[in-house]
Structure formats: C-alpha cells, structure tokens
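Asks: Sharing a structure below in structure tokens format, with a few things to ask.
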Amino acid sequence: MTTHHAAPDPRWSHLTERLPSRLEDLTGPDSGNIQLPLRLAWSGLTSFDLSDERLLLGLYRIVITNGMRRDLTTYLNANLLIRHWPTLRIALGKPIRMPWELRFPQLMPQQEI
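Here the sequence shown stands for residues 3 to 115, numbered as in my numbering.
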C-alpha cells in the first residue's frame, strides 16, 4: 500500500521557507537555562530550564510557531526535537506540524504494523 501525503497548503508556505534544510542544522543547547528574546516570548515566560520537560515543550512550541530560521537553529536541538516530537506534534496542530514532517520524515509517526 502506498501512502500519499497531501501537498502543503499554500497559506502556510512561509512556514516551510523558514525551516532549515537539514534537521542536523538545529544545533541549539540540549541542557541548561535558555533565555528567549521578547520578540519570541512576548506574552509571558522568557526563561526556560531544559531539564523541566514542561518548560522545554513550551520553549519549543514558542520557537517553532514564532521563530525565524535563525531562531530555529539557535534554540532548537535536533535530538531533543526528535525525542519530544510525539508530544509537540499534538500541541502544534496540523498547519504547523505538516511542513516539519514533510521536510524531516524522521519526525513522522511510525506506522503500526
């Protein structure tokens, strides 16, 4: 059986344009405390302890939804993204998660056999 993925909606093409070409380009920290600039975290918490999963998920959601390419590569870590993607993909919603999963197939959920 062949799986077909829907073409990305043109309304969301700007999301695809800001993605790095490789997941390995996400070289952000994998531990420590991260301070986001107000242009990203304008509505609340700006400091995130990556050892706290809830804070890490909040940081990643903010950066993925509001960040530009440089923010993605600065604040996101590929290994942490892969590890936490199953939870993040639900929180992000389809319009935001689809460009990520189309660009980076390793983020796609594994099909049950």
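The C-beta atom is built at its ideal place from N, Cα and C for all residues, glycine as well.
Touching or not, the region 91-104 and the region 45-57, by the rule of three or more beta carbon pairs under 8 Å?
Replies: no
Asks: For the alpha helix (DSSP H) that residue 81 lies in, which residues bound it at each end?
Replies: Unbroken alpha helix (DSSP H) run through residue 81: 80-94.
Asks: Against chain C, does residue 107 count as a neighbour if the rule is that its beta carbon must be under 8 Å from one of theirs?
Replies: Among the protein chains of the structure shown there is no chain C, as only one such chain exists.
Asks: Among 84, 65, 86 and 85, which residue has its Cα nearest to the Cα of residue 76?
Replies: 65
Asks: Please go through the same chain and pick out, in chain order, the residues whose beta-carbon is closer than 8 Å to the beta-carbon of residue 20, but skip the five residues on each side of it.
Replies: 69, 70, 71 and 74.
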